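If you're matching positions, the sequence shown starts at 0 in numbering that gives the first Met the number 0 and goes up one per residue. Glycine residues also receive a C-beta, built at the ideal position from the N, C-alpha and C atoms. Since the model is a prediction, treat every value here as computed from it, not as a measurement. Here is the structure we will look at.
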Amino acid sequence: MRFNMERMPVEIILEIFAHVPLSSFSVLYQLFPCAVVDEALKMTLHKSEPLLSLVSTNLHELQAPYSSHSPHYKNNESSLALHFASFDTAHTSLCFLPNFQSSCYYFKVKNAYVSHGKLVLRPHSSLFQREHCIGSLWDICKHVPPLRAGTFSGATETLQPNTAHDITLHQSDCCVEACLVGPSSPHSCPPPHLRSLLPIEYTRKAPLNTASWGTLPDRTCGYFLVEKVVLPLSAFLALFAA
Numbered sequence: 000m001r002f003n004m005e006r007m008p009v010e011i012i013l014e015i016f017a018h019v020p021l022s023s024f025s026v027l028y029q030l031f032p033c034a035v036v037d038e039a040l041k042m043t044l045h046k047s048e049p050l051l052s053l054v055s056t057n058l059h060e061l062q063a064p065y066s067s068h069s070p071h072y073k074n075n076e077s078s079l080a081l082h083f084a085s086f087d088t089a090h091t092s093l094c095f096l097p098n099f100q101s102s103c104y105y106f107k108v109k110n111a112y113v114s115h116g117k118l119v120l121r122p123h124s125s126l127f128q129r130e131h132c133i134g135s136l137w138d139i140c141k142h143v144p145p146l147r148a149g150t151f152s153g154a155t156e157t158l159q160p161n162t163a164h165d166i167t168l169h170q171s172d173c174c175v176e177a178c179l180v181g182p183s184s185p186h187s188c189p190p191p192h193l194r195s196l197l198p199i200e201y202t203r204k205a206p207l208n209t210a211s212w213g214t215l216p217d218r219t220c221g222y223f224l225v226e227k228v229v230l231p232l233s234a235f236l237a238l239f240a241a
């Protein structure tokens with residue numbers, strides 16, 4: 000089998016690999032040259048949208064806009080769909096972005112009295128059950144001053160109502176680059192290293208017309224704008240392992 004495959008044109012091999020499910024790509028990397036499998040994976044990722052979901056396990060802390068493309072896995076969860084953007088083969092890492100053409104690129108930071116939720120990555124398809132934890136929601140919420148009197152115990156409160164605050168979450172080489180903005184933050188641009196990935200019209204600002212969605216009594220004290228999610232190839236394939 001391998002002898003014959005090595006004599007096939009690369010185009011034919013890629014066409015065959017295009018029909019291989021993501022759950023089998025770990026095996027392909029063990030059997031065939033990485034450069035060929037890399038190209039096949041990029042073809043598969045470009046035609047499979049969306050692929051991942053960034054999930055808040057407690058919508059009372061971090062709540063995304065409702066979308067048919069962002070399924071709520073449980074009653075207390077809220078999520079953003081993530082789309083494949085690029086594959087850095089030199090560093091074997093994949094980059095994913097939310098849909099900036101819609102409202103589904105941010106979470107509302109809520110006035111939560113108790114912080115116990117997590118931010119996790121999951122395959123967007125419910126056929127796969129694995130997840131990768133990025134961190135605690137407290138790692139985000141602690142930077143946002145609550146609107147009520149008093150403060151969270153231990154809150155750092157680095158965000159002011161009219162400012163933007165860069166925040167990066169790391170866990171086992173997985174990275175979420177985002178920005179926290181207050182409810183009345185003016186428009187600002189993300190840093191240069193992100194500009195090449197983001198739509199040219201994208202600016203960091205508090206989203207408009209968000210008061211109508213969600214029926215929870217707690218109030219919004221800021222917005223967590225997701226700008227880039229990066230994870231190593233091994234972590235991505237592990238999410239789709241059988």
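Candidates the options: which alpha carbon is nearest residue i's?
{"i": "L207", "options": "S23, P185, T88", "result": "P185"}
{"i": "A237", "options": "R121, G181, Y222", "result": "R121"}
{"i": "A205", "options": "I11, S85, V108, I199", "result": "V108"}
{"i": "G134", "options": "F127, S114, S125, L126", "result": "S114"}
Using a Cβ-Cβ cutoff of less than 6 Å, which residues in the same chain neighbour residue i once the five nearest sequence positions on both sides are dropped?
{"i": "V119", "result": "V54, E130, C132"}
{"i": "F16", "result": "A39"}
State the DSSP-derived secondary structure class of residue i, mapped to helix, strand or coil.
{"i": "F17", "result": "Note that residue 17 is Ala in the sequence shown, not Phe. It is coil, neither helix nor strand."}
{"i": "I199", "result": "coil"}
{"i": "Y104", "result": "coil"}
{"i": "L136", "result": "coil"}
{"i": "S22", "result": "helix"}
{"i": "G149", "result": "For G149, the pLDDT reaches just 48, beneath the cut-off of 50, and the residue's location in the model is therefore unreliable, leaving the point undetermined."}
With respect to the beta strand (DSSP E) encompassing residue i, which residues constitute its N-terminal and C-terminal limits?
{"i": "Q170", "result": "163-170"}
{"i": "F223", "result": "219-231"}
{"i": "C174", "result": "173-180"}
{"i": "A80", "result": "77-87"}
{"i": "S55", "result": "51-55"}
Would you mind sorting residue i into buried or exposed? The rule is 16 or more other CB atoms within 10 Å of its CB.
{"i": "Y65", "result": "exposed"}
{"i": "A148", "result": "Note that A148 scores 45 on pLDDT, short of 50, meaning its location in the model is unreliable; the coordinates nonetheless yield the value given after this. By the 10 Å Cβ count, A148 comes out exposed."}
{"i": "Q100", "result": "exposed"}
{"i": "L21", "result": "buried"}
{"i": "C33", "result": "exposed"}
{"i": "H128", "result": "Reading off the sequence shown, one finds Gln at residue 128, where the question assumed His. Exposed, because fewer than 16 other Cβ atoms sit within 10 Å of the Cβ of Q128."}
Specify, as a first and last residue, the run of the alpha helix (DSSP H) that residue i falls within.
{"i": "T43", "result": "33-46"}
{"i": "P191", "result": "191-194"}
{"i": "F127", "result": "Premise fails: F127 is in no alpha helix (DSSP H) and is neither H nor E."}
Only counting the same chain, and skipping five residues up and downstream in sequence, which positions put a Cβ closer than 7 Å to that of residue i?
{"i": "E226", "result": "E176, A177, C178, P189, L193, L197"}
{"i": "Y28", "result": "V36"}
{"i": "Y105", "result": "P206, Y222, F223, L224, V225"}
Leaving out the 5 sequence neighbours to the left and right, which residues in its chain are closer than 8 Å to residue i when beta-carbon positions are compared?
{"i": "T251", "result": "There is no way to answer for residue 251, as the model of the chain reaches only from 0 to 241."}
{"i": "D87", "result": "L93, C94"}
{"i": "S85", "result": "L93, C94, L196"}
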